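Same order as they appear, the protein sequences are chains H and W. Going by the working numbering, the first sequence opens with residue 61, and the numbers climb by one from there. Going by the working numbering, the second sequence opens with residue 29, and the numbers climb by one from there.
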Amino acid sequence: DAGVIQSPRHEVTEMGQEVTLRCKPISGHNSLFWYRQTMMRGLELLIYFNNNVPIDDSGMPEDRFSAKMPNASFSTLKIQPSEPRDSAVYFCASSLEQALGGYTFGSGTRLTVV
Amino acid sequence: KQEVTQIPAALSVPEGENLVLNCSFTDSAIYNLQWFRQDPGKGLTSLLLIQSSQREQTSGRLNASLDKSSGRSTLYIAASQPGDSATYLCAENNAGNMLTFGGGTRLMVKP
């Protein structure tokens, strides 16, 4: 398995533009997580899906952020409109139910909003 | 709300030393605990996973222990090498299947 695959690796966009981050979890994993990492706040959980259903989105900062998981092999995190304070590294992770085998993280998307 | 604390925040040691990184957590209903390594500008690499029923796990020069009663986990690195330089993160998984991360320990091993 190629692991958790995220795209793009880097994204630079202007304030106000829409940004879409993509994630392909490990085949067979039924839980998917989106995290954001910044120097100031460390790793923060944004949203968690189980069997393609959002379970906990309490970490989503505001309505500008939305996430979808249309099927077991694909998820998106969208920011519209983007702001400079959204600049961070966004990680996607997947696991089996109850994380019996632990979490596997993707390589992340480094987002810069100018 | 669960809290995970890692100390020290940064550590610099000469090559060859044995060292211990500490992680403490407040949630007694821990399901498992995972240690990760993160190199600058990179993603998280899983090092060790300890289930709540286990007391320790070993992989090569790494050994992680878990003491639920005291809310502590330690990562022991034997005979440290410059290639071990990275940030080490511990993360607790509660029964809700969500990871709570500590702030990390930034390790530098000097040749």
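Heads up, the beta-carbon is just placed ideally off N, CA and C, and yes, glycines get one too. Since this is a predicted model, take the numbers as computed values, not measurements.
With a beta-carbon spacing of about 19 Å, Leu81(H) and Leu127(W) fall beyond the 8 Å limit used to define contacts. The Cβ-Cβ distance between Ile107(H) and Met120(H) falls below 8 Å. Close CB contacts of Glu143(H) within its chain, under the 7 Å cut and outside five residues either way in sequence, are with Met75, Val173 (chain order). Contact check between the segment 103 to 120 of chain W and the segment 130 to 137 of chain W: three or more CB pairs, one atom from each, fall below 8 Å, which counts as touching. Taken atom to atom, the span from the alpha-carbon of Asn121(W) to that of Val48(W) is near 21 Å. For Val174(H), no beta strand (DSSP E) segment is defined, and its DSSP state is neither H nor E. Between the segment 156 to 171 of chain H and the segment 52 to 65 of chain W there are three or more C-beta pairs closer than 8 Å, enough to call the two in contact. Judged by DSSP in its simplified three-state form, Pro144(H) adopts helix. Between the alpha carbons of Gly168(H) and Lys138(H) lies a distance of about 15 Å.
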